[in-house]
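Chemist: The opening position of the sequence shown corresponds to residue 186 in the numbering used here, with each subsequent residue numbered one higher.
Built from N, CA and C at the ideal position, the CB exists for glycine as well.
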Amino acid sequence: GGEDKSNTTGFSAENIHISRMLSPTELESHGNDLSDVILFCAKNKGWSGWDVEAPTIVQKDGTITMIYSGTDTKSTQYALGLCVCIGDDPSDPASWYDLSADAPAFSNTVQGEYGTPYGTGVAAPVPSADGTETWMYYHAKLYYDIPAEVNRDKEAWTRIINLSKINWTTVEIEGNTYTVPDLGSPSKMGESLPLPSGDPGVTPRAEYLFEAEHAVPFGTIYNLELQEKQGDDGEPYNLMFEGIQGKGMSLDGCMRHFDWFAAGEEGDGTSGLHFRNLPAAKQITIRAACTEENAGFDILVNGEKKTSVQFTPEAGSEEAFPYVFQDYTIDIEIPQGATVTLQHVRGEHADAAVDYLLLSGGQEGKSPAFWLGIGVLAVLVGGAVTLLATKRSGQKK
């Protein structure tokens, strides 16, 4: 895909272009005029709007099919479409028939249950280990149940890599039969999928780590402004960013590890995190931080309270790291596919922050399936919204 800066199509848009290759690393030059290499043109029509991009090719039974992405990457409507080559010359726009002119071929634009990927796009087809199946990597967004009034702009660009199997079907176009992909629909985050054909499976790891940022939050959610602190020179500085950079961590790394949630300020006063579809385990370790006594969570397995955990406050450096994360290990039976909930109850628990959940002691043997990735830091507070500038302690990830 590329933007038509020359406006030769009458509008500014993201179009799909094609060019002959002079070598494996060199394209035939067309200068600044892209009009003669536009293969598939955005027309501000239907679901794809002004933008079509990210083309990739799959072939089956002599049929060439282009999988493309359409509409604004940042929107909930971002999805995949299919375009079939029905002519003899792939460089001729007239050789292509858009199967997805009226609706995308692979999408989830309904803001339904948390965990179903939305904004699905940029497909990358790959064969199974034995070559008998075709699978597709694609990216999708995480956050779609955050209230509209909350400004979570960075989450619009926070994406995860998912995997989905491509099946095949036939279509009739102008009297001819073509074998084209059947992309199906996106699987939910954490859903177990059968292994691709020829994949021998894996020996389960001794530990599985699930980051809190990718757990499912419940309770009131806020977009928090980072607090500032007066420096020695009287100028304010950002406690979190400058403190972490001073410890050798990058600003980019910092942003990947902080997400903020306020707990229990409305409704029944409960909030927390759901870690869904987990592997079997006999022990969990929670990395958490707090500043007050009586901080902690109830631990629920499949909705049933099993135990509670209390956290011990430990102060760090007031200059940069006022809170320190510690590990809390609990013996608890987690069945395969279970949901573990860390539940904060206002009035019963003081403020606490959670980094991750670590599972260990699971079943031995080959894994019959693989998990779509779920799992960087979420902060839950029971009263006022506060900034946690943190320092890691204990065992490393």
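Could you tell me whether the region 249 to 260 touches the region 299 to 315, using the rule of 3 or more Cβ pairs below 8 Å?
Modeler: Contact between the region 249 to 260 and the region 299 to 315 is present, because at least three Cβ pairs lie under 8 Å.
Chemist: Tell me whether the beta-carbon of K280 lies closer than 8 Å to the beta-carbon of C270.
Modeler: Numbered from its first residue, the sequence shown carries residue 280 at position 95. Numbered from its first residue, the sequence shown carries residue 270 at position 85. The residue you asked about is not Lys; residue 280 is Ser in the sequence shown. For S280 and C270, yes; Cβs fall inside 8 Å.
Chemist: When DSSP labels each residue in this structure, what does S204 get in the three-state scheme?
Modeler: The sequence position of residue 204 within the sequence shown is 19, counting from 1. DSSP places S204 in coil when its eight states are reduced to three.
Chemist: Which of helix, strand or coil does DSSP assign to S382?
Modeler: What you label residue 382 is simply residue 197 of the sequence shown in a count that begins at 1. It is coil, neither helix nor strand.
Chemist: Quick check on DSSP: helix, strand or coil for S233?
Modeler: Walking along the sequence shown from the start, residue 233 turns up at place 48. In the structure shown, S233 sits in a helix (DSSP, three-state: H, G or I).
Chemist: Cβ atoms of R461 and T524: under 8 Å apart, would you say?
Modeler: Along the sequence shown, read from residue 1 onward, the residue named residue 524 stands at position 339. Along the sequence shown, read from residue 1 onward, the residue named residue 461 stands at position 276. Result yes, Cβ atoms of T524 and R461 sit closer than 8 Å.
Chemist: S208: buried (16+ other C-beta within 10 angstroms of its C-beta) or exposed?
Modeler: On the sequence shown, residue 208 is found 23 positions in, with the first residue counted as 1. Exposed, by the Cβ-count rule.
Chemist: Give a yes or no on whether the minimum CB-CB distance between W281 and chain B is below 8 Å.
Modeler: The structure shown contains no chain B; it is built from a single protein chain.
Chemist: State the DSSP-derived secondary structure class of A264, mapped to helix, strand or coil.
Modeler: Working through the sequence shown from its first residue, we reach residue 264 at position 79. In this structure, A264 counts as strand in the three-state DSSP scheme.
Chemist: How many Å lie between I358 and D273 at the Cα?
Modeler: Taking the first residue of the sequence shown as 1, we reach residue 358 at position 173. Taking the first residue of the sequence shown as 1, we reach residue 273 at position 88. Near 15 Å, if we compare the C-alpha coordinates of D273 and I358.
Chemist: Would DSSP call P312 helix, strand or coil?
Modeler: Position 127 of the sequence shown holds residue 312. Strand, per DSSP.
Chemist: Enumerate in chain order the residues of its own chain whose CB-to-CB distance from I346 is below 8 Å, with the five nearest sequence positions on each side excluded.
Modeler: Working through the sequence shown from its first residue, we reach residue 346 at position 161. Closer than 8 Å at Cβ, skipping near neighbours: Y322, Y323, H324, G558.
Chemist: Using the C-alpha atoms, what's the distance from H459 back to P366?
Modeler: If you number the sequence shown from 1, residue 366 lands on position 181. If you number the sequence shown from 1, residue 459 lands on position 274. So the two alpha carbons sit approximately 35 Å from each other.
Chemist: Beta strand (DSSP E) containing G255: first to last residue?
Modeler: Indexing the sequence shown from 1 puts residue 255 at position 70. Taken as a continuous stretch (DSSP letters only), the beta strand (DSSP E) holding G255 covers 248 to 255.
Chemist: In angstroms with no decimal places, state the Cα-to-Cα distance between D444 and A400.
Modeler: Taking the first residue of the sequence shown as 1, we reach residue 444 at position 259. Taking the first residue of the sequence shown as 1, we reach residue 400 at position 215. Reliability fails at D444, whose pLDDT of 34 lies under 50, so the model's placement of it is uncertain and the value that follows must be treated cautiously. Rounded to the nearest angstrom, the two C-alpha atoms are 11 Å apart.
Chemist: Between which two residues does the beta strand (DSSP E) harbouring L394 extend?
Modeler: By one-based count along the sequence shown, residue 394 stands at place 209. L394 -> beta strand (DSSP E) spans 392 to 396.
Chemist: Can you tell me which of the three DSSP states S493 falls into?
Modeler: For the purposes of this step, residue 493 is taken as the residue at position 308 of the sequence shown. If DSSP states are grouped into helix, strand and coil, S493 belongs with the strands.
Chemist: Under three-state DSSP, which class holds A290?
Modeler: Numbered from 1 along the sequence shown, position 105 holds the residue referred to as residue 290. Coil at A290, not helix or strand.
Chemist: Among the residues of its own chain, which have a CB less than 6 Å from the CB of S276, if the five just before and after it don't count?
Modeler: Within the sequence shown, residue 276 is the residue found at index 91, counting from 1. Closer than 6 Å at the Cβ level, and outside the excluded window around S276, lie I203.
Chemist: According to the Cβ coordinates, are E199 and W232 closer than 8 Å?
Modeler: Your numbering for residue 199 matches position 14 in the sequence shown. Your numbering for residue 232 matches position 47 in the sequence shown. No, these two residues do not count as a Cβ contact at 8 Å.
Chemist: In the DSSP assignment, what are the bridge partners of V356?
Modeler: Counting from one through the sequence shown, the residue named residue 356 turns up at place 171. Y363, per the DSSP bridge assignment.
Chemist: Suppose the cutoff is 6 Å on Cβ atoms and the five residues either side in sequence are ignored; what does the same chain contact list for P464 look like?
Modeler: In the sequence shown, residue 464 corresponds to position 279, counting from 1. The residues are Y393, G547.
Chemist: State the DSSP-derived secondary structure class of A279, mapped to helix, strand or coil.
Modeler: Sequence index remark: in the sequence shown, residue 279 carries index 94 (1-based). A279 falls in the helix class under three-state DSSP.
Chemist: How long is the line joining the alpha carbons of R205 and T317, rounded to whole angstroms?
Modeler: Residue numbering aside, residue 205 sits at position 20 when the sequence shown is read from its first letter. Residue numbering aside, residue 317 sits at position 132 when the sequence shown is read from its first letter. Spanning the two alpha carbons is a distance of roughly 31 Å.
Chemist: Contact defined as beta carbons within less than 8 Å: I believe A474 pairs with Q511. What is the distance between those atoms, to the nearest angstrom?
Modeler: Within the sequence shown, numbered from 1, the residue matching residue 474 stands at position 289. Within the sequence shown, numbered from 1, the residue matching residue 511 stands at position 326. Contact flag correct, Cβ pair sits at about 7 Å.
Chemist: Look up S545 in the DSSP assignment and say whether it is helix, strand or coil.
Modeler: Numbered from its first residue, the sequence shown carries residue 545 at position 360. S545 falls in the strand class under three-state DSSP.
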